[in-house]
Each structure stands twice: as structure tokens, then as C-alpha cells.
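Residues in the sequence shown are numbered from 25 upward in steps of one, following this note's numbering.
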Amino acid sequence: MYRLVNKNKPLLTPVLQHGKTIDQLLQQLEEYEPRTRYRARRELRARPKAEVLAAVDRWLATGTASPNKLCEALWLQESFRQLDPGLVNRVMASEDLRARAAAVHSVSNEFRRFEPTQDVLSRAVNDSASRVRLEAVRGLSFLQTSKAAEIALQVVNHPMDYWTQYTLEHTLQALRPHVDAARKTGNFLPQGPESLRHYSEVFELESGPGGEAVKPLRDAEDPELPKHKRRSAIRQLARIGGGDQGRGQVVFSRVCAGCHRVGDQGKDFGPRMDMVGAQYPKDDIIQHILWPNESIAKGYETVQILTVDGEVITGFVLKETEAQLTLGVATQDGKGKEVVVDKANIEQRKEMKASSMPEGLAKTIAPAEFLDLLTYLTSLDAAPLEVQDGWTLTALQDIGKLRSRDGLIEISRDAQVAYPADFQAHWMKHSNLLLSGADASGREFAFHSPEPAVASPAITIRLARPSPLALITIQNRRNKQFYDRAKDLAVWVSEDGKQWQQVWRSEKPAENYEIKLPEGTQASYIKIGLDGTGILHLNQVVVYAPQ
25 MYRLVNKNKP
35 LLTPVLQHGK
45 TIDQLLQQLE
55 EYEPRTRYRA
65 RRELRARPKA
75 EVLAAVDRWL
85 ATGTASPNKL
95 CEALWLQESF
105 RQLDPGLVNR
115 VMASEDLRAR
125 AAAVHSVSNE
135 FRRFEPTQDV
145 LSRAVNDSAS
155 RVRLEAVRGL
165 SFLQTSKAAE
175 IALQVVNHPM
185 DYWTQYTLEH
195 TLQALRPHVD
205 AARKTGNFLP
215 QGPESLRHYS
225 EVFELESGPG
235 GEAVKPLRDA
245 EDPELPKHKR
255 RSAIRQLARI
265 GGGDQGRGQV
275 VFSRVCAGCH
285 RVGDQGKDFG
295 PRMDMVGAQY
305 PKDDIIQHIL
315 WPNESIAKGY
325 ETVQILTVDG
335 EVITGFVLKE
345 TEAQLTLGVA
355 TQDGKGKEVV
365 VDKANIEQRK
375 EMKASSMPEG
385 LAKTIAPAEF
395 LDLLTYLTSL
405 DAAPLEVQDG
415 WTLTALQDIG
425 KLRSRDGLIE
435 ISRDAQVAYP
445 ADFQAHWMKH
455 SNLLLSGADA
465 SGREFAFHSP
475 EPAVASPAIT
485 IRLARPSPLA
495 LITIQNRRNK
505 QFYDRAKDLA
515 VWVSEDGKQW
525 QQVWRSEKPA
535 ENYEIKLPEG
545 TQASYIKIGL
555 DGTGILHLNQ
565 VVVYAPQ
């Protein structure tokens, strides 16, 4: 063990408490050394209460009453459970914010015995110093009344930092039973300022079901925020789980089915939603809901009509004859309506670059309902299987532009796939999306060969026309614990579907493969499978040819 000593400065002479009078101990509370003051406090606490408190009054009456001296006196009174309201007021009038914060802390500790606690905290919550306001908010959590919550909310009228926000949320949570009871009788913030009401309502939402979505929903719809922050909020929403698919279907029926259809449910005012989960990644679905004008489905662009009576009608064309125009008009209740206008009554017609879906629909449902709806929509991730003569047609061929890279263009979008008969149907839900441009991140695999392992499982791709081949990209099953199953992955090509030539074999398992084919490779058929016994499951395949 080593002791470091400043050779140019002598050691301090310890200040002792043994045998000292109360007045002498009080003088030690003005020493610079914290440990001296601490030991003096401990000794004073062991002396008779009445004598110490009387001596404190005399001590404060002599010399200069610095903020430190006032706090030491206050802490002594607190240790004897007998705060003096006069001394508390003196400290609260100090220009030193640390002294005021210390006084609020002591008052909060003594709230059961110090009668004017609420009055002190009510002043402190509007103090000019954030540290004092924070101590007041903390102290109000002990009072267990709805009035304490009303007072605590006043802090939102001042600049809020992380710690004040954190403390206020926990204070409101601690007082929630009393607030809920007051709300039921209409006695919570009956005449309160709008800022306090708004914060309280937002807190109720954030602390209730789906509360995690409240802030990102608000930010994503805030036109005053920069676009990158709004997009960040959408990505945050996409990461939130917890929605219920069944409840989401109920929300869809209430809010969306007036304009959109899933199966036999809903109307065809807007695009069908049967495959929306396969068409778009989760964050794109959120963007379509919150920013309907950002991207408009083809055929659903709106027109604006001005009638001779001065009525303005905006919707998309459902039907048009020589005499009449029928518009599908979205409504805030989500039910939608048809409006028929005689062309003779149209004064002006204008094509609009806007969606017929109104903005702000998300505000009409609770945050938890939004998450439920999102879960339901993302679950609609399968396209109807269409098989002709054993070949599975690629679904959603028109989703997204053809992919291109380094002078190559995608040629597999309109190709077809033949799957072996022993590939079980319950694993083939997304088999028609293997070659699609639809987002593949929401599923784990597009197809799955039988278990246990079989010999040389493989699929065959039939291109729409013979073509030179340059590159094939393959995404393995999106679960790293199964990557090893692709260790024998291989690719064969054929011009007639009978004579096959192996053009590639994997060297090791991987998440993704980029297969550069030998120059001059030409084929109408591509076979992808395992060159050996195993289990084959892939998520996406893209075939490229020279442009």
C-alpha cells in the first residue's frame, strides 16, 4: 500500500469533535473540509435535540449567513425531523441554486411532518433553475394527490432536459391512480392551461398500450420536422413489435375497408391490399399510410372538380360516361363514398398529383390500433399461386423497376419455376415470389425442400426466352443457423431443359452469393440445387444478362 503526500504542502491537522461544546461543533460546520463537517454533524445529532436546535438559532444570528451555513442549519433540523418554515423560506430566497435545490430536497424528505410542503414545491416547480425544478417534481411524487400531479405538470412550461423529463414521467406514473380518479369526475386540470393538458394526454397515450409508437407517429406526421427526421421516425415505427393480427383485421374493417379490399372484405375505391405485405417492406407500408401523397398507385391519381355551384370535389375516377363522372371520395371515417356529378354541372376539372386517401388517418385510431393494423397488413405477404403445366408463375412482376448493375439487367422477373412434387405445400407459401421484385426482407425463405434431407434437391427456372447469362445472385434462407445447409449449393444451365452443364459450385456456406458465370454462357433453363444430399431453402434469386 502506498500513501501519496504533497512534499510542498504540510498535512492537515485533524479537527476533533470529542469534548467540544455544541457551539464549537456548529463552528466546525463552517470548515472547508467535507469530512470535518460530516463528523461534526454526526456528533451534533447525538446531542440533546432542544439544546442543538436552540444553538442553531443563535448560530444563524451571528456572523454572515452564507448559503452553505443556511443549508448546514437546515440539514441539522432535518436530522431532528423539525424543519423551521422560516429557515426554509430563507434558503429558498438564496441566489445560489444549489442551496434552493437542497432546501427542496429536505422539504420533500420531510413531507409527512412539514405542513407547507405543497406550497414550497409549488413555488419550486417554477424556479428559474432546472435543478430546483427537478427536485420539486421528485418531491411532488410523494404527496399522492391529483393536485400534486397538476403542480408537477407546470414544469412543462419551462425548458425540459432529459432528467426533468424522466422524473416527471415517473412522478405522473406514481400519481396515476389519483389522476385517474380525478379524471373520472372531471376534476383533473378543469381549468388547466392547454400546454399542461396536452402533455398529460400525450403521457397517457405513451404510458398506455402501444405507447412506444406515440412519439415516432407524432414525429413522422410533423410537417415542421426535417424530412430525414420524419423518415427516421418511420424506421423506428417499423422496428416496434407487439401488434396483434386479429385486432388489426378489426381495425382494417373499421378504418380502411371503406376504400380498400382484402379478399371479399372492403370496397375497390383504392388499391387492393391482398398482397400489400409482399409488395412493400414494413417501413414503406407505414409511409403509404402516413404520407399518402408521397407515392400514388397507378390508376388512383385524383382529379379535382369545381361545380357550377362552387362545390369542390376531389377523388379518383371510378366511372366516366358522356354525361356523368363518378368519383371515389375518401372520408375521414375510412368508409369512403361515391359521388356522381353531371358533366353539365362541371365548371372546371383539374388533374391532381395527390392521393384520394386523406392525410391524418392515423390520428383517428389509437397507437396500439396502429400497431395492430400494421401487423395485419404486413401479414398479407402471400400472392395467389398460379401454376401452369407444373410451372409456377412469378407473382407481382410489376413491383419495382428491373434491377441493374455494372451494365447488366435483370431478366428473371417474368421467368417461371418448377418445384419438385415432394416440396411440401405448407413451406411453399412464398414460392411464387422467389424471382419477384417484391421486398424479401419480411420472410425467411421462399421455398423449402423436404425434411429429413433428400438426395440432390433442386429447382428449375425457365426463362421467358433464351438469353446470354452473366450473373446470378442468390439470397440464402434469412437465418444464419441454417446457412450451412447450402454448403453444396450449385448451379447448372441448359438450353433444352434436358442436357445440363454445371457452371458453379459453392466453396462455403454464405448469406448471399454472387455468381459470375463463364463468359459466353447461354441458356433457357437454370437449375439451382444441392450437389449432394441435404435440405434446400432459398429466399430470392435474380438472374442478370448483358444489356
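Glycine is no exception: its CB is placed at the ideal position from the N, C-alpha and C atoms.
Remember, predicted model here, so these are calculated numbers, not experimental data.
1) Can you name, in chain order, every residue of its own chain whose Cβ lies under 6 Å from the Cβ of valine 144, other than the five neighbours on each side?
2) Going by DSSP, what residue range makes up the beta strand (DSSP E) through threonine 326?
3) What residue from Thr484, Val341, Gly352, Glu393 has the CA that sits closest to tryptophan 415's CA?
4) For the region 487-497 and the region 454-474, state whether three or more C-beta atom pairs, one from each stretch, are separated by less than 8 Å.
5) Please name the residue in Asp307, Val353, Ser146 whose C-alpha comes closest to that of lysine 171.
6) Span of the alpha helix (DSSP H) holding methionine 110?
7) For glutamate 318, which option in Gly352, Phe293, Lys377 has the closest C-alpha, if you only look at C-alpha atoms?
8) For isoleucine 433, which residues in the same chain have their Cβ closer than 7 Å to its Cβ, ignoring the five residues on either side in sequence?
9) What is the DSSP secondary structure of proline 570, counted as helix, strand or coil?
10) At 4 residues or longer, what runs of the alpha helix (DSSP H) sit wholly inside the region 241-294?
11) Under three-state DSSP, which class holds glutamate 67?
12) Less than 8 Å separating the beta-carbons of alanine 482 and lysine 532?
13) When the distance is taken between beta carbons, is proline 233 closer than 8 Å to alanine 257?
14) Tell me the DSSP secondary structure of isoleucine 550 in three-state form.
15) My output table needs one value for asparagine 500: the three-state DSSP class, helix, strand or coil.
16) Provide the residue(s) that pair with tryptophan 83 in DSSP beta bridges, ordered along the chain.
17) Using three-state DSSP, classify glutamate 538 as helix, strand or coil.
18) Give the C-beta separation of leucine 562 and phenylalanine 471 to the nearest angstrom, bearing in mind that I take them to be a contact with Cβ-Cβ under 8 Å.
19) If you reduce the DSSP assignment to three classes, tell me which class lysine 374 lands in.
20) Going by alpha carbons, who is nearest to isoleucine 175 out of Leu220, Gln440, Gln189?
21) Tell me the DSSP bridge mates of serine 491?
22) Could you check whether the region 236-254 touches the region 367-377, counting it as contact only if at least three pairs of C-beta atoms, one from each stretch, sit closer than 8 Å?
23) Start and end of the alpha helix (DSSP H) containing glycine 431?
24) At what residues does the alpha helix (DSSP H) containing threonine 345 begin and finish?
25) Three Cβ pairs or more, each shorter than 8 Å: is that satisfied between the region 290-298 and the region 340-360?
Taking the structure as given:
1) Val131
2) 325-331
3) Thr484
4) no
5) Each of Asp307, Val353, Ser146 was checked against the Cα of lysine 171, and the nearest Cα belongs to Ser146.
6) Here residue 110 is glycine; the residue named in the question, methionine, does not match the sequence. It spans 109-116 - the alpha helix (DSSP H) in which glycine 110 sits, taken as one unbroken run.
7) Lys377
8) Leu426, Tyr568, Ala569, Gln571
9) strand
10) If we require 4 residues or more, the alpha helix (DSSP H) runs fully inside the region 241-294 come out as 251-263, 269-275.
11) helix
12) no
13) no
14) strand
15) Strand, per DSSP.
16) Answer is none; tryptophan 83 lacks a bridge partner.
17) strand
18) 7 Å
19) strand
20) Leu220
21) Ala547
22) no
23) Run containing glycine 431: none; DSSP gives neither H nor E here.
24) Note, threonine 345: premise wrong, no alpha helix (DSSP H); not H, not E.
25) yes
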